[in-house]
Structures are given as C-alpha cells and as structure tokens.
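Asks:
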Amino acid sequence: YSSWTASRTFALNSFSRPVMAELSSSITEALLELDSKSDLKGSLREITITGVREIEIGGRKCIVVLVPVPIWRTLQRVHTRLVRELEKKFSRHVLFLAQRRILAKPTRRSRQKQLRPRSRTLTHVHDSILEDLVYPAEIVGRRTRVKIDGSHLIKVHLDKAQQTNIEHKLETFTGVYKKLTGKDVTFEFPSLD
Numbered sequence: 001y002s003s004w005t006a007s008r009t010f011a012l013n014s015f016s017r018p019v020m021a022e023l024s025s026s027i028t029e030a031l032l033e034l035d036s037k038s039d040l041k042g043s044l045r046e047i048t049i050t051g052v053r054e055i056e057i058g059g060r061k062c063i064v065v066l067v068p069v070p071i072w073r074t075l076q077r078v079h080t081r082l083v084r085e086l087e088k089k090f091s092r093h094v095l096f097l098a099q100r101r102i103l104a105k106p107t108r109r110s111r112q113k114q115l116r117p118r119s120r121t122l123t124h125v126h127d128s129i130l131e132d133l134v135y136p137a138e139i140v141g142r143r144t145r146v147k148i149d150g151s152h153l154i155k156v157h158l159d160k161a162q163q164t165n166i167e168h169k170l171e172t173f174t175g176v177y178k179k180l181t182g183k184d185v186t187f188e189f190p191s192l193d
C-alpha cells in the first residue's frame, strides 16, 4: 500500500458504490493538512485510505473511512486525536473501519484448494466491525436476545471508562452497524456492582 497524497486516487470498492469523489478528496486534503500543521505531524504518513462513504442515520450524516487491515494497528495510535480533528472540520461523526473480506462458505461445487481462514468468515468479520466501530472503548460483554418473532438483538456492554468519550456516538454506532451488517445492536455501559 502506498501512502496518500493530494493526487491519490482511491481504490473505491463495492463498499463505496456511490462514488464519493468529492468527499474522499476533502478527507484526503484534511489528512494532508493535519499531517503538515497539527501535533499529528508525521504520524499520518503510513495511513492509506481504501474507501470513504457517507451514511445517513436519523436525519444526520456520518462519514465512514475504510483503511486496510494491516494499517489498522498503526491508525489506532492516533485514532482518538485524528477523529476529534476530523469531526471538528466536517462537523459530523467520523468513523474509521478496517476493510475486511468475507469469503463464501466452501461447498461441494466450489473448488477451493485452501481452507477458509477464520478471519474471513462472516461471523468474525461482523465481530471485527463491531470492535472497530466502538474503538477506543472495549467490549466487555455481549448478549444475543432472540425475540418471539425470531429476530435477533445484540446487546453490547462497553467499558465504563470510555463512557464520556463515546456516549454521544452510540446512536451512530447502532445505525452504521445496521447498515453494514443488517443486524440490530444496542450499546450499554453496565455498572460494575
């Protein structure tokens, strides 16, 4: 992966079907500006963006930025400051996610020579998206409630230490997760009694 520059063309994939050329270029310009002027100087060089998407949730819009999985650990070091600066600039919620691939379950007709890695299964990818969404908070518990009509509701318990930092984004997390995976989720901060 090459690092981004002002003339970087984004490898927009199926996640970014509605081509967001204007939005992706403004994100790139904002990252270049932050890299040259702010306290993040030099730490954004390794970050590569593979896609940008604008999602509307409850009348408000949020920006989802995709990065390659190998870059995700590097991004986590500056994630909090970077998100804060981008949210100030765009005046809406900004979320970073690692771009993950789901491989189909092997069948008799598919001619796969290798086993499908666990990291490429639907369940693991959806769990990883959930963890990426709530970063820097950690998931401390998870419950799946099956309703009488057969629908599933995932209740996610987040670390109480990060409540002040991410509590205002919980509705955004729920909406984005529903758009990406089709699953209903609620977030809670359980008290440790």
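Number 193 marks the last residue of the sequence shown (my numbering); no jumps.
Using N, Cα and C, we set each Cβ at its ideal position, and we do this for glycine too.
Because the structure is a prediction, the values reported are computed rather than measured.
(1) So which of Ser91, Phe96 and Arg73 has the shortest CA-CA distance to Val65?
(2) Name the two residues that bound the continuous alpha helix (DSSP H) containing Leu34.
(3) Roughly how many angstroms lie between the CA atoms of Thr201 and Arg120, to the nearest whole one?
(4) For the putative contact between His157 and Gly175, defined by C-beta atoms under 8 Å, what is the C-beta separation to the nearest angstrom?
(5) Could you give the first and the last residue of the continuous beta strand (DSSP E) run that contains Lys61?
(6) For the candidate residues Ala161, Val83, Gly59 and Arg73, whose alpha-carbon lies nearest to that of Ile27?
(7) Cα separation between Lys178 and Thr50?
(8) Hey, how far is the Cα of Leu122 from the Cα of Leu34?
(9) In or out: Glu138 buried (at least 16 other Cβ within 10 Å) or exposed?
(10) What is the rounded straight-line gap between the Cα of Pro190 and the Cα of Asp159?
(11) Are the beta-carbon atoms of Thr181 and His124 separated by less than 7 Å?
(12) For Asp132, count neighbouring Cβ atoms within 10 angstroms of its own Cβ and tell me buried if that reaches 16, exposed if not.
(13) Go ahead and label Lys194 buried or exposed: buried means 16 or more other beta carbons lie within 10 angstroms of its beta carbon, across all protein chains shown.
(14) With 16 as the cutoff for other CB atoms within 10 Å, does Ile47 come out buried or exposed?
(15) Mind the definition here: the segment 74-88 touches the segment 104-114 only if three or more C-beta pairs lie below 8 Å; say whether that holds.
(16) Here's a check: name, in chain order, each residue in its chain whose Cβ is nearer than 6 Å to the Cβ of Trp72, leaving out the five neighbours to either side.
(17) Quick one: Cα of Ala6 to Cα of Gln76, how far?
(18) Measuring CB to CB, does Arg92 end up less than 7 Å from Lys61?
Replies: Judging by the given coordinates:
(1) Taking the sequence shown and counting its residues from 1, the one referred to as residue 65 is at position 65. Val65 has its Cα closest to that of Phe96, out of Ser91, Phe96 and Arg73.
(2) Start at 1 with the first residue of the sequence shown, and residue 34 comes out as number 34. Looking at the DSSP string, the run of the alpha helix (DSSP H) that includes Leu34 is Ala21 to Lys37.
(3) Coverage of the chain is limited to positions 1 through 193, which leaves residue 201 absent and any answer about it impossible.
(4) The residue given as residue 157 occupies position 157 in the sequence shown. The residue given as residue 175 occupies position 175 in the sequence shown. Actually they are not in contact, since the Cβ atoms of His157 and Gly175 sit about 19 Å apart, beyond 8 Å.
(5) Walking along the sequence shown from the start, residue 61 turns up at place 61. Element bounds for Lys61: Arg60 to Pro68.
(6) If you number the sequence shown from 1, residue 27 lands on position 27. It is Val83.
(7) In the sequence shown, the residue the question calls residue 178 occupies position 178. In the sequence shown, the residue the question calls residue 50 occupies position 50. Cα to Cα, the separation comes out at about 21 Å.
(8) As a working note, residue 122 is residue 122 in the sequence shown. As a working note, residue 34 is residue 34 in the sequence shown. Our two residues, Leu122 and Leu34, have alpha carbons roughly 35 Å apart in a direct line.
(9) Here residue 138 corresponds to residue number 138 of the sequence shown, with the count starting at 1. Burial call: exposed.
(10) On the sequence shown, position 190 is the one that residue 190 refers to. On the sequence shown, position 159 is the one that residue 159 refers to. Each residue's alpha carbon lies about 8 Å from the other.
(11) The residue labelled residue 181 in the question sits at position 181 within the sequence shown. The residue labelled residue 124 in the question sits at position 124 within the sequence shown. Cβ distance not < 7 Å, so Thr181 and His124 don't count as in contact.
(12) As a working mapping, residue 132 is identified with position 132 in the sequence shown. In the assembly as shown, Asp132 is a buried residue. Its beta-carbon has 16 or more other beta-carbons within 10 Å.
(13) Any answer about residue 194 is impossible in this case: the structure gives the chain only from 1 up to 193.
(14) For this step, residue 47 is matched to residue 47 along the sequence shown. Answer is buried; the Cβ neighbour count reaches 16.
(15) Short answer: they don't touch.
(16) Position 72 of the sequence shown holds residue 72. These residues qualify, in order along the chain: Ala98.
(17) Here the question's residue 6 lines up with position 6 in the sequence shown. Here the question's residue 76 lines up with position 76 in the sequence shown. Summary for Ala6: the model assigns pLDDT 39, below 50, so the residue's position carries little reliability; its value from the coordinates is reported in the next sentence. Distance between the alpha carbons of Ala6 and Gln76: 23 Å.
(18) For the purposes of this step, residue 92 is taken as the residue at position 92 of the sequence shown. For the purposes of this step, residue 61 is taken as the residue at position 61 of the sequence shown. Yes, the Cβ-Cβ distance between Arg92 and Lys61 is below 7 Å.
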